[in-house]
Amino acid sequence: MRSIPLAWLLFVILNLLLFSGCQAKSIKGVVLPFSTLHRKTQKLGSKPRHLWTYGEFTAWSPVQEGVFAAAFPKLLSLTVLQKIAPYVVFPTEPIVQIAICEADFPIPGLKQGKRFVITEEEPAEVLEMLQSHCFYARLRLSAPPKLLGKPEEKESGGVKAEAGEEQGAAAGRGKRAEAEGRNPGEKTTERASEKPLVLHFSAIARAWKERGTRPSDTWTYGRFFIDAPPQEGLFIGHESGLATRRIIEGLLASAVVFPFGERYDTAIFSSRFRHLQIERKSVIEIDKRHPARVVEIVPAGGLLVRLDLEAEPQVEGPG
8 MRSIPLAWLL FVILNLLLFS GCQAKSIKGV VLPFSTLHRK TQKLGSKPRH LWTYGEFTAW
68 SPVQEGVFAA AFPKLLSLTV LQKIAPYVVF PTEPIVQIAI CEADFPIPGL KQGKRFVITE
128 EEPAEVLEML QSHCFYARLR LSAPPKLLGK PEEKESGGVK AEAGEEQGAA AGRGKRAEAE
188 GRNPGEKTTE RASEKPLVLH FSAIARAWKE RGTRPSDTWT YGRFFIDAPP QEGLFIGHES
248 GLATRRIIEG LLASAVVFPF GERYDTAIFS SRFRHLQIER KSVIEIDKRH PARVVEIVPA
308 GGLLVRLDLE AEPQVEGPG
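Residue numbers (my numbering): 8 to 326.
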């Protein structure tokens, strides 16, 4: 009688081990090239689980406070076509695909225009996918990517770029310290002394220049044209009033004339209001009395701005 329960126990343990092994294998096995991800958003959703990716990219900037943006495909990165493509391509097959990368380790030599490879052997985890005029994916790197280019670029150009960026950052810290009436070399937590900053979205570059990629106690408001409706609490928009300019720029682009003008910044909204219904091409208004919290500002041609909605916005339907 005792052998039956023991055999059953061994059977259960063996099956659990096999199941966990198969599950771990399936988790690690869902690895797709970045070029195919934009076709998976409807199937996998905005917040996929156990999805990994790889590919060759071009950095928009070096790592700043653990995050940076990169462009894909590599042949269009940082060119005129890269910047005007959102105005002239179909959303179903976007030319411009942007990865917002998280990295908790330094990547020496990474700078604007630097190409790099996230390998299939050490892929990046896909945290979010958003489809609008462009395709945006948020990735968490599992290992430093492989930088491409000549060795002398890595040794001299990359070092010089990093030195220049560090000098610029130090100068910015010094100016802020002087404005606050303290010694620029004093080791204090800068952000602890920052006062609340509330500004219109059109001036969001000021927050980035003064407070960095992940500003503290910073808020914004304004009217936004919605490029993609909410999916799992995430949606994308840009400052309302730019739609007409986009049409004009698209026409200029077809004539091979690059439209010099105001920077095109993108807002990525994170909302806890799951019932919020906003159609594409709607306009929302975030009131100055109930602004959205600025979580992250990442340069990628224009600025990619992560906003947390802490109050429901006013919604105006399409048209």
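Glycine included, each C-beta is placed from N, C-alpha and C at the ideal position.
A direct Cα-Cα distance of roughly 24 Å separates D294 from K216.
The way I'd put it, the region 231-239 does touch the region 279-297; three or more beta-carbon pairs between them come closer than 8 Å. Cα atoms of V205 and G116: separation of roughly 35 Å, rounded to the nearest angstrom. In the three-state scheme derived from DSSP, where H, G and I count as helix and E and B as strand, A214 is classed as helix. If only uninterrupted alpha helix (DSSP H) runs of at least 4 residues are considered, those enclosed by the region 46-78 are 48-51. Burial is judged here by how many other beta carbons sit within 10 angstroms of a residue's own beta carbon; G219 has at least 16 and is buried.
T225 and A214 have their C-alpha atoms some 8 Å from each other. Counting C-beta pairs closer than 8 Å gives three or more between the region 303-317 and the region 101-111, which meets the contact rule. When beta bridges are read from the DSSP output, Y228 appears opposite H207.
Checking the DSSP bridge columns, you'll see V301 partnered with L314. A distance below 8 Å separates the beta carbons of T60 and P40.
Under the three-state reduction of DSSP, F41 is assigned to helix.
Of the other Cβ atoms in all chains shown, 16 or more fall within 10 Å of the Cβ of F75; this residue is therefore buried. Looking at the DSSP output, L283 bridges to nothing. The three-state secondary structure of T273, taken from DSSP, is strand. Q119: not part of any beta strand (DSSP E); DSSP gives it neither H nor E. DSSP places P306 in the strand class (E or B) of the three-state scheme. According to the DSSP assignment, F242 belongs to the beta strand (DSSP E) that extends over 241-246. The bridge partners DSSP lists for A106 are A77, A144. Beta-bridge analysis with DSSP links K153 to V124. Beyond the five residues adjoining it in sequence on each side, G73 comes within less than 7 Å, by CB distance, of E109, A110, D111 in the same chain, given in chain order. Cα atoms of A131 and F142: separation of roughly 17 Å, rounded to the nearest angstrom. P152 and S68 have their C-alpha atoms some 14 Å from each other.
Using a Cβ distance threshold of 8 Å, E317 and R300 count as a contacting pair. In terms of CA proximity to D315, E303 leads the group E323, E303, P325, Q321. Of the residues A212, F208, A210, P222, the one whose Cα lies closest to the Cα of K202 is P222.
Where E129 is concerned, there is no enclosing beta strand (DSSP E), because DSSP gives it neither an H nor an E. In this model, L241 and F280 are separated by some 10 Å (Cα to Cα). Taking C-beta atoms as the reference points, A66 and K118 count as a pair closer than 8 Å.
Per the C-alpha coordinates, the member of V322, V103, T273 positioned closest to E292 is V322.
Nearest C-alpha to I114 among A150, S278, L283: A150.
Annotation: I275 to G156 spans about 32 Å, alpha carbon to alpha carbon.
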